[in-house]
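J.: So that we are looking at the same thing, I have put the structure below in structure tokens.
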Amino acid sequence: MTNQLPPPGAVFLDHVAHFVPEMDAAAAALERCGFRLTPFTAQTNRVDGQPVPAGTGNRCAMLRQGYVEILTAVATPGGNTVLARQLRERIADHVGLHLAAFSSADAAAEHRRLAEAGFATLPLVDMRRPVTTHTGSEDARFTIARIAHHSMPEGRVQFLTHHTEPLVWRDGFLDHPNGARALTGLWIAAEEPAEPTARFGRFTGRPASHAGEVSTIALERGAIHIARPRYLRDAFGITPAGTLPCFVATQIAVADLAILERCLREAGLSSRPVRLAFADEAIAFDLPAALGGAMLFHPG
């Protein structure tokens with residue numbers, strides 16, 4: 008599947024990540040929720056042409072549009088990296104959503120734009136991870152534009168460009184028992200929504216709209232929604248686990264809500280009906296503690 012790269016000038020919500028202390032427990036929890044996961048891979052950065060451990064490893068639920076990642080620190084020689092230490096720092100606040108990645112056709116151009124917008128940018132990163140294929144192993148490659156740690160209190164927020172889409176979105180991993188199809192949104196809890204709304208608007212280069220108690224930054228694919236904790240509790244039954252502002256929920260389109268509900272019910276997991284601005288029928292679901300955070304599912 009090779010339609011994940013945005014056209015020039017567009018911004019997609021590419022993926023979100025849960026920072027977790029125990030990969031096996033987190034992966035089992037996400038599979039219990041009806042997601043099919045990729046195998047575990049240790050991530051590397053390319054420095055002076057040589058692979059260097061990133062100190063982190065992942066498993067992913069690849070969707071037809073976007074994906075959900077589980078990220079953990081890897082205890083290997085050379086693995087106590089800056090990224091691994093930052094991940095552990097975030098987990099100390101709470102287990103859950105700590106990363107939002109936006110894709111563009113040119114991460115280097117976004118890197119320049121972010122600097123011009125006043126963000127403290129870090130050097131561009133050439134990240135790779137090995138992918139087992141029917142012919143052996145190949146490297147999935149990404150260019151990542153990051154900003155300084157703590158620039159975004161919600162977590163690690165970055166731009167990336169995919170260079171090997173077919174290796175990332177592979178047949179066999181795109182269909183899920185719960186019918187999940189697409190990553191459509193990310194929710195942020197904030198006592199004063201105006202500040203993160205303005206900040207994420209600067210980061211993405213997109214304007215915000217406001218409807219009732221929710222501020223939304225619409226992208227060419229996906230959206231960022233910002234609301235106060237009280238609204239999230241009243242509307243969705245979601246209580247933020249971390250220091251505010253923080254990421255609290257992922258929004259996902261599914262083929263059929265009935266299939267999703269049956270999948271959760273058979274796994275002994277409870278959900279609750281909610282309404283979204285664009286969907287009268289939706290489902291809110293608190294993820295198991297090994298993952299943290301919540302998900303909002305809607306037809307799509």
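Numbering of the sequence shown is given in the working numbering, commencing with residue 8 and proceeding in unit increments.
All C-beta atoms in this analysis are idealised placements derived from N, C-alpha and C, irrespective of residue type, glycine included.
Predicted, not measured: the structure shown is a model, and the values here were computed from it.
Nearest CA to the CA of R233: which residue from G249, S216, A248?
T.: Start at 1 with the first residue of the sequence shown, and residue 233 comes out as number 226. Position check: residue 233 holds Ile in this sequence, whereas Arg was assumed. Measuring from the Cα of I233, the nearest candidate turns out to be S216.
J.: Beta-carbon separation of A114 and L167 under 7 Å?
T.: Counting from one through the sequence shown, the residue named residue 114 turns up at place 107. Counting from one through the sequence shown, the residue named residue 167 turns up at place 160. Going by C-beta atoms, A114 is nearer than 7 Å to L167.
J.: According to the neighbour-count rule (16 or more other Cβ atoms, all chains shown, within 10 Å of its Cβ), is F26 buried or exposed?
T.: Counting from one through the sequence shown, the residue named residue 26 turns up at place 19. Answer is buried; the Cβ neighbour count reaches 16.
J.: In whole angstroms, what separates the C-alpha of D21 from that of N87?
T.: As a working note, residue 21 is residue 14 in the sequence shown. As a working note, residue 87 is residue 80 in the sequence shown. Computed Cα separation, rounded: 27 Å.
J.: For F207, I'd like the list of residues in its chain whose CB is within less than 7 Å of its CB, leaving aside the five on either flank, ordered along the chain.
T.: The count along the sequence shown starts at 1 and reaches residue 207 at position 200. Hits under 7 Å: I224, I231.
J.: Can you find the residues in the same chain that come closer than 7 Å, C-beta to C-beta, to G244, ignoring five residues on each side of it along the sequence?
T.: Taking the sequence shown and counting its residues from 1, one reaches residue 244 at position 237. Here the set comprises R279, A291.
J.: Any idea if E161 is buried or exposed, counting beta-carbon neighbours within 10 angstroms, 16 or more meaning buried?
T.: Counting from one through the sequence shown, the residue named residue 161 turns up at place 154. E161 is buried by the Cβ-count criterion.
J.: Do you know how far the Cα of A265 is from the Cα of C253?
T.: As a working note, residue 253 is residue 246 in the sequence shown. As a working note, residue 265 is residue 258 in the sequence shown. If you take the alpha carbons of C253 and A265, they lie about 30 Å apart.
J.: Specify, as a first and last residue, the run of the alpha helix (DSSP H) that H169 falls within.
T.: Within the sequence shown, residue 169 is the residue found at index 162, counting from 1. Here H169 belongs to no alpha helix (DSSP H); instead the beta strand (DSSP E) covers 163 to 169.
J.: For a test of the three-state rule: what should DSSP assign to R177, helix, strand or coil?
T.: Start at 1 with the first residue of the sequence shown, and residue 177 comes out as number 170. Looking at R177 - three-state DSSP - the assignment turns out to be coil, as it is neither helix nor strand.
J.: So C308 and T83 are supposed to be a Cβ contact under 8 Å. How far apart are they, rounded?
T.: Nothing about residue 308 can be reported from this structure: the residues present for the chain run from 8 to 307 only.
J.: Check whether the Cβ atoms of T79 and M30 lie closer than 7 Å to each other.
T.: Locating residue 79 in the sequence shown gives position 72, where the first residue counts as 1. Locating residue 30 in the sequence shown gives position 23, where the first residue counts as 1. Contact: yes.
J.: What does the alpha-carbon distance come out to for the pair N185 and S144?
T.: Here residue 185 refers to the residue found at position 178 when the sequence shown is read from its first residue. Here residue 144 refers to the residue found at position 137 when the sequence shown is read from its first residue. Their Cα atoms are separated by approximately 29 Å.
J.: With distances taken between CB atoms, is the gap from A196 to P236 smaller than 7 Å?
T.: Here residue 196 refers to the residue found at position 189 when the sequence shown is read from its first residue. Here residue 236 refers to the residue found at position 229 when the sequence shown is read from its first residue. Against a cut-off of 7 Å, the Cβ pair of P236 and A196 comes out as a contact.
J.: If you reduce the DSSP assignment to three classes, tell me which class R153 lands in.
T.: For the purposes of this step, residue 153 is taken as the residue at position 146 of the sequence shown. Looking at R153 - three-state DSSP - the assignment turns out to be strand.
J.: By Cβ distance, which residues of its chain are closer than 8 Å to R213, with the 5 residues on each side in sequence left out?
T.: Along the sequence shown, one-based indexing puts residue 213 at 206. The answer, listed in chain order, is V18, I224, A225, L226.
J.: Relative to the C-alpha of Q165, which candidate in S110, V175, T142 has its C-alpha closest?
T.: The residue you call residue 165 lines up with position 158 of the sequence shown. Nearest C-alpha to Q165: S110.
J.: Have a look at A289, F285, D293 and flag the residue whose alpha-carbon is nearest the alpha-carbon of S277.
T.: Reading the sequence shown from its first residue, position 270 is the one you call residue 277. Nearest C-alpha to S277: D293.
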